[in-house]
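Everything on this sheet refers to the single structure shown next.
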Amino acid sequence: MELIKEDVKLRRLKLEDQTAATALANNKNVSKNLRDRMPSPYTLQDAIEWIEFCKDQSPIYNFAIEYEGGYVGTISLDREEDVYRHTAEIGYWIGEPHWGKGIVAKAVTLITDYGFGHLNLTRIHTGIYEYNEASMRVLEKCGYKFEGIFEKNVYKDGAFYNEHRYSKIK
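Numbering-wise (numbering that gives the first Met the number 0), the sequence shown opens with residue 0 and increments by one.
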């Protein structure tokens with residue numbers, strides 16, 4: 000399955016992505032915006048294990064982001080369970096050389112439409128660390144609604160940060 004919007008394509012992760020994923024993710028400017036479950040430093044073995052975990056998913060929840068034919072990052076929907084089974088959390092990252100090109104907005108639009116249409120989700124949400132204003136702008140551009148601030152909700156790199164919560168409803 001591939002999802003395409005102009006020069007951005009979401010597709011299944013494949014082992015050939017491992018080298019680019021390692022090079023792009025092993026960057027403090029990327030990792031500071033991600034949860035600690037994403038290893039930092041990010042090794043080739045980390046990339047291989049993640050891709051192996053994702054590559055045969057059905058339905059797909061974790062996509063490679065391609066821009067102009069090359070791997071630039073990953074976008075995911077983390078589906079929740081039990082009474083929250085029609086809800087998912089969106090997460091994404093792209094390598095720093097690709098920031099500011101509108102790639103993430105297109106990827107967010109694609110995966111949001113996929114989540115509402117193909118996965119029958121009703122709500123997609125996420126939390127953004129207070130210093131990641133670019134990601135907040137992307138979500139707002141894609142129609143996500145600001146829901147509030149969870150004060151000192153994130154402990155990252157030895158400090159507490161507020162988390163800005165966003166969601167989009169089908």
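Backbone N, C-alpha and C fix where the C-beta goes; we use that ideal spot for every residue, glycine too.
Exercise for the section: Take T121 and list the residues in its own chain whose beta-carbon comes closer than 6 Å to its own, dropping the five residues that flank it on each side. Expected result: H85, K169, listed in sequence order.
Exercise for the section: Have a look at the DSSP bridge pairing and note the partners of A104. Expected result: DSSP, once it has assigned bridges, lists no residue as partnering A104.
Handout entry: Contact check, L170 vs F62, beta carbons under 7 Å
Key = It is not possible to answer for residue 170, since the shown part of the chain is limited to 0 through 169.
Handout entry: Three-state secondary structure assigned by DSSP to S166
Key = Correct three-state label for S166: strand.
Exercise for the section: Have a look at R136, K151, N152, V153 and flag the residue whose alpha-carbon is nearest the alpha-carbon of F145. Expected result: It is R136.
Problem - Helix, strand or coil at S39 [DSSP, three-state] - result: It is coil, neither helix nor strand.
Practice task
Just tell me which of I93, A24, L14 has its CA closest to the CA of K55.
Solution key: Per the sequence presented here, residue 55 reads as Asp, with Lys not at that position. Closest option to D55, Cα to Cα, is L14.
Practice task
Report yes or no: do three or more beta-carbon pairs, one from the region 68 to 76 and one from the region 102 to 111, lie closer than 8 Å?
Solution key: Enough Cβ pairs lie closer than 8 Å, so yes.
Practice task
Compute the distance between the beta-carbons of L138 and K4, then report whether it is under 7 Å.
Solution key: No; because the gap between Cβ atoms is not below 7 Å, this pair is not in contact.
Problem - Beta-carbon proximity check, N161 vs E129, cutoff 7 Å - result: Judged by beta-carbon spacing, E129 lies within the 7 Å limit of N161, meaning their Cβ atoms are closer than that value.
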